[in-house]
Each structure stands twice: as structure tokens, then as C-alpha cells.
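Beneath this line is the structure, given in C-alpha cells, with notes to follow.
Here you go:
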């Protein structure tokens, strides 16, 4: 089995505040969660049926960051889609939109909690996380304790 989960630390998991269900003539799916990793995002989707077409979605935040689909995997009726980059510091919301219809309707919007920003060691604050010694974007970052929902 190939590894599609982004490298680095899991920084948070977003659960939809409402039932993130989308139904059109072309597709039907429900957004279950978004995982925020140090190097990208993983959107978990429940499709209406096994073997159905992969939902086409777009991810956007309130800054207008361009998130690019890097990989996806389907197992039965569950679909994982990996997007890069990760959320920039200060991101307040992520919106998942359906790209299956011309209107690109919003499916669900997540509130993004304030997260610690990795210390890059650059006093001017201009270095990228990948510029950290060893190129590790997680260096200097201490994750909060994450618990699996009951």
C-alpha cells in the first residue's frame, strides 16, 4: 500500500460544524474531516457508494491561498485527498467547495483554531520552515496533545 499521508507532524484535525453533505446529479459525498499536517492537508470524504467517481473538490482559506491536489486514494466508499501547502499562520477558516458543478458551491466551512508556528531560527522572520536545519518543517514545533474522538 502506498503512503499518501503528508510528512511531518499532525498539527490538528478539523471536524465539520454541520453535516457537510453535497448532492448533485453528478456526485454525492460527505466531508468527514480535514487533517492539518506540517506539509499539507488531508480531506476525508465519504462517498455515496463504493466505486463511485472521486469527488472533485477545491480547498480555500480566507487569505485566498491556492491549495493543489497532490494525491488521492479510495478504499471502498472512503476517499482521501491530499492538498499542499499546509495552512499559513493566522488562517481562520477553510472552505471545501465542490468542483463538480459550474457554481463551485461551498460544501462546508471549518473554523481553524490558532496554532503554534514553528520557530525557524531566523530572527528577522523571513526564513521558510523548509530552511530550518535539516530542512525539517517541524523543527522547533511542539504539537498539542491530540485525542481521537469517542
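Numbering (UniProt numbering), first residue to last: 1 to 150. C-beta: ideal position from N, C-alpha, C; glycine also. In this text the structure is predicted, and so the values were computed from the model without any measurement.
Quiz item: With 16 as the cutoff for other CB atoms within 10 Å, does residue 98 come out buried or exposed?
Solution: Translated into the one-based positions of the chain shown, residue 98 becomes position 98. Under this definition residue 98 is a buried residue.
Practice problem: For residue 53, I'd like the list of residues in its chain whose CB is within less than 7 Å of its CB, leaving aside the five on either flank, ordered along the chain. | Solution: Taking the first residue of the chain shown as position 1, residue 53 is located at position 53. The residues are 27.
Quiz item: Between the region 74 to 87 and the region 102 to 110, are three or more C-beta pairs nearer than 8 Å?
Solution: no
Quiz prompt | Supposed close pair residue 14, residue 33 - CB separation, criterion 8 Å | solution = What you label residue 14 is simply residue 14 of the chain shown in a count that begins at 1. What you label residue 33 is simply residue 33 of the chain shown in a count that begins at 1. The pair is a contact, with the Cβ atoms about 6 Å apart (cut-off 8 Å).
Practice problem: Under 6 Å Cβ to Cβ from residue 70, same chain only, skipping five residues before and after it: list those, please. | Solution: Here residue 70 is taken as the residue at index 70 of the chain shown, counted from 1. Same-chain partners within the cutoff: 82, 84.
Quiz item: Just reading off the beta strand (DSSP E) that residue 35 is part of, what are its end residues?
Solution: Here residue 35 is taken as the residue at index 35 of the chain shown, counted from 1. Here the beta strand (DSSP E) through residue 35 covers 28 to 37.
Quiz prompt | Residues that residue 106 bridges to, as DSSP identifies them | solution = Against the chain shown, residue 106 aligns to sequence position 106. Note: residue 106 sits in a beta bridge opposite 97.
Quiz item: Of all Cβ atoms in chain B, is any one closer than 8 Å to the Cβ of residue 61?
Solution: As a matter of chain content, chain B is missing from the structure shown, which is built from one protein chain.
Self-check item: Boundaries (first-last residue) of the beta strand (DSSP E) holding residue 72
Solution: Taking the chain shown and counting its residues from 1, the one referred to as residue 72 is at position 72. First-last of the beta strand (DSSP E) with residue 72: 68 to 75.
Practice problem: Assign residue 29 to one of two classes, buried (16 or more other C-beta atoms within 10 Å of its C-beta) or exposed (fewer than that). | Solution: As a working note, residue 29 is residue 29 in the chain shown. Counting Cβ neighbours within 10 Å, residue 29 comes out buried, since at least 16 surround it.
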